[in-house]
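Enquirer: Residue numbers (the working numbering): 267 to 462. A virtual CB, placed ideally from N, CA and C, is assigned to each residue, including glycine. Treat the numbers as computed from the prediction; the structure is a model and nothing was measured. This is the structure I want to talk about, given as structure tokens.
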């Protein structure tokens, strides 16, 4: 099922309505959808590099709005909406593990790592942020910074290097972002251990 969702999302990049689809995918990715908006963003920005910044703005804006929707689901409709969504994607156990040991600092760290490197999945963190009542303005600021950093970095790389950077982005950028997220988490854990 995930492969067919991925292929369907990729096919949207060739449509005239691709910008609208980018907005839709970026929105739903942050609260209910499994395939990241990058899958649509990359081929669109490669096909029209002069529009890469515009696409980055669309992806960032609607990803943040989708994150707010996820926060709202977690805050106001956890049992009615969040639990069925998380069960459908097989993320309810992950969610419950995260929620059981969460602190305010940890949720902020997860907002950064999930927004930039999808670790853990962004939809889990947006719903979790609402469920544990993270301040909405702090949540929005973190989402704008991290999602904007991801999409505008991709736009810059694609505009600067074009098709030649595509393989690197598709195969290695995610791993580098993951490594960066792991390092950030390790630094945070070391800091907490030293301070306790």
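At which residue ranges does the region 358-401 contain complete alpha helix (DSSP H) runs of 4 or more residues, listed in the order of the chain?
Expert: 358-366, 370-383 and 388-397
Enquirer: So, does the region 318-335 touch the region 357-368, judging by three or more C-beta pairs under 8 Å?
Expert: no
Enquirer: What did DSSP end up calling residue 356 once you bin it into helix, strand or coil?
Expert: Along the chain shown, read from residue 1 onward, the residue named residue 356 stands at position 90. The answer is coil: DSSP assigns residue 356 none of H, G, I, E or B.
Enquirer: Provide the residue span of the alpha helix (DSSP H) that contains residue 336, from first to last.
Expert: Here residue 336 corresponds to residue number 70 of the chain shown, with the count starting at 1. Its alpha helix (DSSP H) spans residues 318-342.
Enquirer: Indicate whether residue 333 and residue 297 have their beta-carbon atoms separated by less than 9 Å.
Expert: Taking the first residue of the chain shown as 1, we reach residue 333 at position 67. Taking the first residue of the chain shown as 1, we reach residue 297 at position 31. Yes.
Enquirer: Put residue 309 into one of helix, strand or coil per three-state DSSP.
Expert: In the chain shown, the residue the question calls residue 309 occupies position 43. DSSP places residue 309 in helix when its eight states are reduced to three.
Enquirer: Hey, residue 302 and residue 425 are a contact pair by Cβ (cut 8 Å); roughly how many whole angstroms apart?
Expert: On the chain shown, residue 302 is found 36 positions in, with the first residue counted as 1. On the chain shown, residue 425 is found 159 positions in, with the first residue counted as 1. That pair is no contact at about 20 Å.
Enquirer: Residue 427 to residue 405, Cα distance in whole Å?
Expert: Numbered from its first residue, the chain shown carries residue 427 at position 161. Numbered from its first residue, the chain shown carries residue 405 at position 139. Roughly 33 Å separates the two Cα atoms.
Enquirer: With a 10 Å radius around its C-beta and 16 neighbouring C-beta atoms as the bar for buried, classify residue 369 as buried or exposed.
Expert: Stepping through the chain shown from its first residue, residue 369 is reached at position 103. Burial call: exposed.
Enquirer: Could you pull the start and end residues of the alpha helix (DSSP H) that residue 292 belongs to?
Expert: Counting from one through the chain shown, the residue named residue 292 turns up at place 26. Unbroken alpha helix (DSSP H) run through residue 292: 284-295.
Enquirer: Closest to residue 411 by CA distance: which of 379, 422 and 350 is it?
Expert: Working through the chain shown from its first residue, we reach residue 411 at position 145. Nearest C-alpha to residue 411: 379.
Enquirer: Taking all protein chains shown into account, do 16 or more other C-beta atoms lie within 10 angstroms of the C-beta of residue 381, making it buried, or fewer, making it exposed?
Expert: For this step, residue 381 is matched to residue 115 along the chain shown. Counting Cβ neighbours within 10 Å, residue 381 comes out buried, since at least 16 surround it.
Enquirer: What is the DSSP secondary structure of residue 302, counted as helix, strand or coil?
Expert: Residue 302 sits at position 36 when you count from the first residue of the chain shown. Residue state, collapsed to three classes: coil.
Enquirer: Distance check for residue 286 and residue 326, CA to CA, integer angstroms please.
Expert: Taking the chain shown and counting its residues from 1, one reaches residue 326 at position 60. Taking the chain shown and counting its residues from 1, one reaches residue 286 at position 20. Rounded to whole angstroms, residue 326 to residue 286 spans 13 Å at the Cα level.
Enquirer: Should residue 282 be labelled buried (16 or more other beta-carbon atoms within 10 Å of its own) or exposed?
Expert: Start at 1 with the first residue of the chain shown, and residue 282 comes out as number 16. Exposed: under 16 other Cβ atoms inside 10 Å.
Enquirer: Quick one: Cα of residue 463 to Cα of residue 349, how far?
Expert: Missing from the structure shown is residue 463; the chain here goes from 267 to 462 and no further.
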